[in-house]
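Please read the structure below before turning to the comments.
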Amino acid sequence: MNVTTIGIDLAKTVFSIHGTDQYGKVLVRKRLNRPKLLPYIAQLPPCLIGMEACSGAHYWAREMTELGHDVRIIAPRFVAPYRKSSKNDDNDAEAICEAVSRTNMRFVPIKTEDQQATLSLHRIRRGLTKERTAQINQIRGLLAEFGLIIPQGRYHARHRIPEILEDAENGLPMLARRLLNNINQRILQLDEEILTYDREIEAMARRDEQAKRLMAIPGIGLQTATAILASAPDPRQFKSGRHFAAWLGLVPRQYSTGGKVRLGRITKRGDKYLRMLLIHGTRAVIAKLPDKQDRLSGWAIDLVERRGYKRAAVALAAKNARIIWALLMNQTEFKTQPMEG
224 MNVTTIGIDL AKTVFSIHGT DQYGKVLVRK RLNRPKLLPY IAQLPPCLIG
274 MEACSGAHYW AREMTELGHD VRIIAPRFVA PYRKSSKNDD NDAEAICEAV
324 SRTNMRFVPI KTEDQQATLS LHRIRRGLTK ERTAQINQIR GLLAEFGLII
374 PQGRYHARHR IPEILEDAEN GLPMLARRLL NNINQRILQL DEEILTYDRE
424 IEAMARRDEQ AKRLMAIPGI GLQTATAILA SAPDPRQFKS GRHFAAWLGL
474 VPRQYSTGGK VRLGRITKRG DKYLRMLLIH GTRAVIAKLP DKQDRLSGWA
524 IDLVERRGYK RAAVALAAKN ARIIWALLMN QTEFKTQPME G
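The sequence shown begins at 224 in this note's numbering and counts up one residue at a time.
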């Protein structure tokens, strides 16, 4: 059986497989349970294997690569156009097999175990920060029911909640006081957990020379540097810094026809978490622009005046993405250039 291309629809227990030869003739169309998948792939000659990006895709890609196959991961939105009929596992596997054979198809880089571990750290920390925000908002809302108002923001809550709970003259019932104290204790526990993860990320960044190189860029901190190195593929896979910025969804959405160019908001493609970190970092940079005298800061100041704060923050994030690509591609250091004139 001369199978050259295989599409696998991944699942938890049952996997659909669609295989073709070099002429596109269907040779394999079957389902296998989880324990039988790798033994079946191992007995095949080296071939091109495609699968959708989903939970477990990177694990299977690494395992099958070790067996000598050329494994490619495809974003689901690039597979959908190749599905010929109704959506089911077999049709998905056929669509994946068709998509992976296209020479101009875009693929998701296969992550290493260390990269996935680093991203697990970031995801857990992100989940804890969301939980902390939810707890703070809940306690603010419940206190408002009793006429006790706390300004927005974590730091206001940190100082005001203990004062309210200790004030015996504010009319807060004992039952509510006890319940709100339980929520506050959970917030304090979350603070400690997040701080532990922050220290882990800091230690990770201090040990990595690439992370140190990225942190020299204004607006790139510990979290952004480690997240980018764990998420972004080899910079050689991008033609230029603009392609890297486009991969992060930081370039304008284009809808052009008839020779007329129309540009809209940013595409917001790619990793939402990385994009958020980059934009939050540039917001911190813009807040301190009046104290800077370098060329990049001068460009940003002019952009804020012409286009406004939010657009300038996104534009600076896109510029930082290009700088990141250049530093990683050329293995150079970031140097601040003095303002001309």
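For each residue, glycine too, the CB sits at the ideal point set by N, CA and C.
{"Check": "Residue 208, enclosing beta strand (DSSP E) - first and last residue", "Outcome": "This structure gives no information on residue 208, because the portion of the chain shown stretches from 224 to 564."}
{"Check": "Beta carbon of residue 299 nearer than 8 Å to that of residue 276", "Outcome": "yes"}
{"Check": "Residue from 281, 370, 342 and 359 whose Cα sits closest to the Cα of residue 376", "Outcome": "359"}
{"Check": "In DSSP terms, what residue 382 is bridged to", "Outcome": "BP columns for residue 382 are empty, so no partner."}
{"Check": "Whole-Å CB distance - residue 387 paired with residue 366, under 8 Å assumed", "Outcome": "6 Å"}
{"Check": "Selected residue, minimal CA-CA separation from residue 441, among 457, 540 and 421", "Outcome": "540"}
{"Check": "Residue burial classification, residue 478 (beta-carbon count within 10 angstroms, cutoff 16)", "Outcome": "exposed"}
{"Check": "8 Å CB neighbourhood of residue 467 in its chain, flanking five on each side removed", "Outcome": "455, 458, 461, 544, 545, 547 and 548"}
{"Check": "Beta carbon of residue 361 nearer than 8 Å to that of residue 406", "Outcome": "yes"}
{"Check": "Residues bridged to residue 477 (per DSSP)", "Outcome": "486"}
{"Check": "Option in 489, 306, 261 and 332 with minimal Cα separation from residue 322", "Outcome": "306"}
{"Check": "Cβ pair residue 577, residue 280 closer than 8 Å", "Outcome": "Here the chain covers residues 224 to 564 and nothing more, so residue 577 does not appear."}
{"Check": "Residue from 240, 271, 249 and 532 whose Cα sits closest to the Cα of residue 256", "Outcome": "240"}
{"Check": "Residue 383 versus residue 395: straight-line alpha-carbon distance, rounded", "Outcome": "14 Å"}
{"Check": "For residue 326, the three-state DSSP class (helix, strand or coil)", "Outcome": "coil"}
{"Check": "Residue from 429, 352, 438 and 427 whose Cα sits closest to the Cα of residue 413", "Outcome": "352"}
{"Check": "Endpoints, beta strand (DSSP E) assigned at residue 414", "Outcome": "That residue, residue 414, is in no beta strand (DSSP E); its alpha helix (DSSP H) goes 397-430."}
{"Check": "Beta-carbon proximity of residue 229 to residue 238, cut-off 8 Å", "Outcome": "no"}
{"Check": "Identity of the residue in 310, 438, 271 and 311 nearest residue 559 by Cα", "Outcome": "438"}
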